[in-house]
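Q: Below is the structure I would like to discuss, written out as structure tokens.
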Amino acid sequence: MVNVKSLLFLAFAASAIAAPIDSEITEADVAQADTTPLEVSSTLLDTSYHCKKSTDKAKTNNSGALIADISKKKAMESAKYAGATNGGTLSGYPKVFENKGGLQFAKPCNKKGHTVYEFPIVIGQKSNYPKDSKKGNTNPGPIRVYYDQYLNFCGIGTKPNNDNSGAPHLCKAALL
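Pasting the structure below:
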């Protein structure tokens, strides 16, 4: 015959094993999350660029005070918003980047036949630069995204002077 104590022990053990374990994250928390796994993974794969003032006389390095951290993903969203056209907007942006300062872009942006465009990036990246605002009404700021006619990413740079003039230097990708 089966002992009553053994049956009770078995019943309590089974209910303890079947009960959910309390944890900090519940199914309700997961259901209320603002991001999907795809959005989380794309955020993790995003690169941040540190844009800093120049400290050398030629204003070509990226070693001074931090101006802004710029998300590559958001910069390319701005590039797609801007398109690959030379002017044609009230602001004059996007426009063909002449590269008179000799920025060293990676492939394919440095290939012959590739046209590189520049478009201002709003610091904080909460909105796109208003390309259809009349030139002079909106300050484009010092930060630019560079991309080619196929919307390939070329780089993020900053203008060296306080009036947003001068040959830009490239911002540096943040190390993970």
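Residues -18 to -1, 1 to 158 (mature numbering (1 follows the signal peptide of the UniProt record, and there is no 0)) are what the sequence shown spells out, left to right.
For each residue, glycine too, the CB sits at the ideal point set by N, CA and C.
(1) Over what stretch of residues does the beta strand (DSSP E) that includes Y63 continue unbroken?
(2) Report the option in C136, A149, L152 whose CA atom is closest to the CA atom of L89.
(3) Reducing DSSP to helix, strand and coil, say where N85 ends up.
(4) Please state whether DSSP places L48 in a helix, a strand or coil.
(5) For the beta strand (DSSP E) containing H96, list its first residue and its last residue.
(6) Under a three-way DSSP split, which group does L152 fall into?
(7) What residues in its chain sit with their C-beta under 8 angstroms from that of D130, if we drop five residues either side in the sequence?
(8) Contact check, Y75 vs P122 under 8 angstroms by CB: the rounded distance?
(9) Can you check which of these residues, E59, T37, I125, is closest to K141 by C-alpha distance?
(10) Jot down the residue ranges of each uninterrupted beta strand (DSSP E) in the segment 122 to 148, minimum 3 residues, whole runs only, in chain order.
(11) Express the C-alpha separation of K39 and Y111 in angstroms, rounding to a whole number.
(12) Apart from the five residues just before and just after residue 170, which ones in its own chain have a Cβ nearer than 8 angstroms to its Cβ?
(13) How many whole angstroms separate the CB atoms of I103 and S36, which I take to be in contact at a CB cut-off of 8 angstroms?
(14) Looking only at its own chain, which residues have a Cβ that is under 7 angstroms from the Cβ of K62, when we skip the five neighbours before and after it?
(15) Do you know offhand how far A64's Cα is from K116's?
(16) Rank K94, I138, F101 by C-alpha distance to the C-alpha of K77 and give the top, closest one.
A: Concretely, from the data shown:
(1) Along the sequence shown, read from residue 1 onward, the residue named residue 63 stands at position 81. Counting along the chain, Y63 falls outside any beta strand (DSSP E), though it belongs to the alpha helix (DSSP H) covering 54 to 64.
(2) Position 107 of the sequence shown, counting from 1, holds the residue named residue 89. Residue identity check: residue 89 is Lys in the sequence provided, not Leu. Among C136, A149, L152, the Cα nearest to that of K89 belongs to C136.
(3) The count along the sequence shown starts at 1 and reaches residue 85 at position 103. One point to set straight first is that residue 85 is Leu, not Asn, in the sequence displayed. Residue state, collapsed to three classes: coil.
(4) If you number the sequence shown from 1, residue 48 lands on position 66. Here L48 carries a strand assignment [DSSP, helix/strand/coil].
(5) As a working note, residue 96 is residue 114 in the sequence shown. Looking at the DSSP string, H96 is not in any beta strand (DSSP E), and its letter there is neither H nor E.
(6) Numbered from its first residue, the sequence shown carries residue 152 at position 170. Annotated three-state conformation of L152 is strand, per DSSP.
(7) Within the sequence shown, residue 130 is the residue found at index 148, counting from 1. Excluding positions up to five away in sequence, the list reads A66, P90, C91, H96, T97, V98, Y99, C136.
(8) Residue 75 sits at position 93 when you count from the first residue of the sequence shown. Residue 122 sits at position 140 when you count from the first residue of the sequence shown. Distance from Y75 to P122 at the Cβ level is roughly 7 angstroms; contact confirmed, criterion being Cβ atoms closer than 8 angstroms.
(9) What you label residue 141 is simply residue 159 of the sequence shown in a count that begins at 1. With distances taken between CA atoms, K141 lies nearest to I125 out of E59, T37, I125.
(10) 125 to 130, 135 to 140
(11) Within the sequence shown, residue 111 is the residue found at index 129, counting from 1. Within the sequence shown, residue 39 is the residue found at index 57, counting from 1. Taking the straight line from one Cα to the other gives about 30 angstroms.
(12) Past the edges of the chain, shown from -18 to 158, lies residue 170, and the structure says nothing about it.
(13) Locating residue 103 in the sequence shown gives position 121, counting from the first residue. Locating residue 36 in the sequence shown gives position 54, counting from the first residue. Their Cβ separation, rounded to whole angstroms, is 18 angstroms, which puts I103 and S36 out of contact at 8 angstroms.
(14) The residue given as residue 62 occupies position 80 in the sequence shown. Taken in chain order, the residues that qualify are L133.
(15) By 1-based counting over the sequence shown, the position of residue 64 is 82. By 1-based counting over the sequence shown, the position of residue 116 is 134. Spanning the two alpha carbons is a distance of roughly 15 angstroms.
(16) The count along the sequence shown starts at 1 and reaches residue 77 at position 95. It is F101 whose Cα lies nearest to the Cα of K77.
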